[in-house]
Amino acid sequence: QQQVKQSPQSLIVQKGGISIINCAYENTAFDYFPWYQQFPGKGPALLIAIRPDVSEKKEGRFTISFNKSAKQFSLHIMDSQPGDSATYFCAANTNDYKLSFGAGTTVTVRA
Amino acid sequence: DAGVIQSPRHEVTEMGQEVTLRCKPISGHNSLFWYRQTMMRGLELLIYFNNNVPIDDSGMPEDRFSAKMPNASFSTLKIQPSEPRDSAVYFCASRRTSGKGGEQFFGPGTRLTVL
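These protein sequence lines are chains A and C, in that order.
Taken in order, the first sequence gives residues 75 to 185; the numbers are from the numbering used here.
Taken in order, the second sequence gives residues 1410 to 1524; the numbers are from the numbering used here.
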């Protein structure tokens, strides 16, 4: 049973466009929400993370928006580039060490 | 820093054979994780070590799976006997801190195929 639900499963965006990936959770005890990026043949790598005391965090072209009351958070990739083509996973901590991952979203950026 | 090192990168074996996957965490990291990634189940935590001690092995699917961490720089995940449903990518990850929010650094993974 996945504790973090992620959508869409895949998306295609034109170069320069905006990619949006959404995640929802039920457990209000979660207090750390990272996003991981995974390229084919590689392990996931931390992209950006947020805690529920802020509603938005931006790092370069990547922004997390967090809605605590709705128990939802999303990743926005601005000015998408072909190099952003990868699979993105949202996650949430269930305790000090355990992350519950979403199912993943495969993003394809067309040049 | 070389990052988390895993070997082998690819393993093809026949059902019933023993498989051993190896991991070298990043130096100075005291937490180590083994994950399994499949299309059906996504990324699943198999076992978590802190300071070389197994803390949570609730994700280990069955007794055929075992993991050890004899020292701070080496861990193994063993499957004996292997079955076709064990085919997956197995990742090792390490982390410096044991508190919440510490970044987990993943290795490149071992793609296991059991025929």
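Quick reminder that beta carbons are idealized off the backbone N, C-alpha and C, glycines included.
Only a predicted model underlies this, so the values are computations on that prediction, with no experimental measurement involved.
Item: Excluding five sequence neighbours on each side, which residues of the same chain lie with their C-beta closer than 8 Å to the C-beta of Leu1454 of chain C?; Value: Phe1442, Trp1443, Tyr1444, Asp1465, Gly1468
Item: In chain A, which residues lie less than 9 Å from Ser1440 of chain C when you measure between Cβ atoms?; Value: Tyr171
Item: Using a C-beta to C-beta distance shorter than 9 Å, which residues of chain A count as neighbours of Tyr1457 of chain C?; Value: Tyr171, Lys172
Item: When we look at the beta-carbon of Asn167 of chain A and count the other beta-carbons within 10 Å, is it buried (16 or more) or exposed?; Value: buried
Item: When you compare the stretch 138-148 of chain A with the stretch 93-101 of chain A, are there three or more beta-carbon pairs, one atom per stretch, that lie closer than 8 Å?; Value: yes
Item: When you compare the CB of Phe1515 of chain C with every CB in chain A, is at least one pair closer than 7 Å?; Value: yes
Item: Check Arg1445 of chain C in the structure and name its three-state DSSP category.; Value: strand
Item: What residues of chain A sit near Phe1500 of chain C, judged by a beta carbon separation below 7 Å?; Value: Gly117
Item: Tell me, please, whether the CB atom of Glu1420 of chain C is closer than 7 Å to any CB atom in chain A?; Value: no
Item: Under 7 Å Cβ-Cβ, which residues of chain C neighbour Phe175 of chain A?; Value: Gly1451, Leu1452
Item: Under the DSSP definition of a beta bridge, which residues are partnered with Val1421 of chain C?; Value: C:Thr1522
Item: With which residues is Asn1480 of chain C paired in a DSSP beta bridge?; Value: C:Phe1483
Item: Once the 5 residues before and after Asn1461 of chain C are set aside, which same chain residues still bring their CB inside 7 Å of it?; Value: Met1478, Asn1480, Ala1481
Item: Measure from the C-beta of Gly1437 of chain C to each C-beta in chain A and report whether the shortest distance is under 7 Å.; Value: no
Item: Could you tell me which whole beta strand (DSSP E) segments of length 3 or greater appear in the stretch 117-163 of chain A?; Value: 119-124, 130-133, 136-141, 146-151
Item: Under DSSP, the beta strand (DSSP E) around Val1413 of chain C begins and ends at which residues?; Value: Val1413 of chain C -> no beta strand (DSSP E), and no H or E assigned at all.
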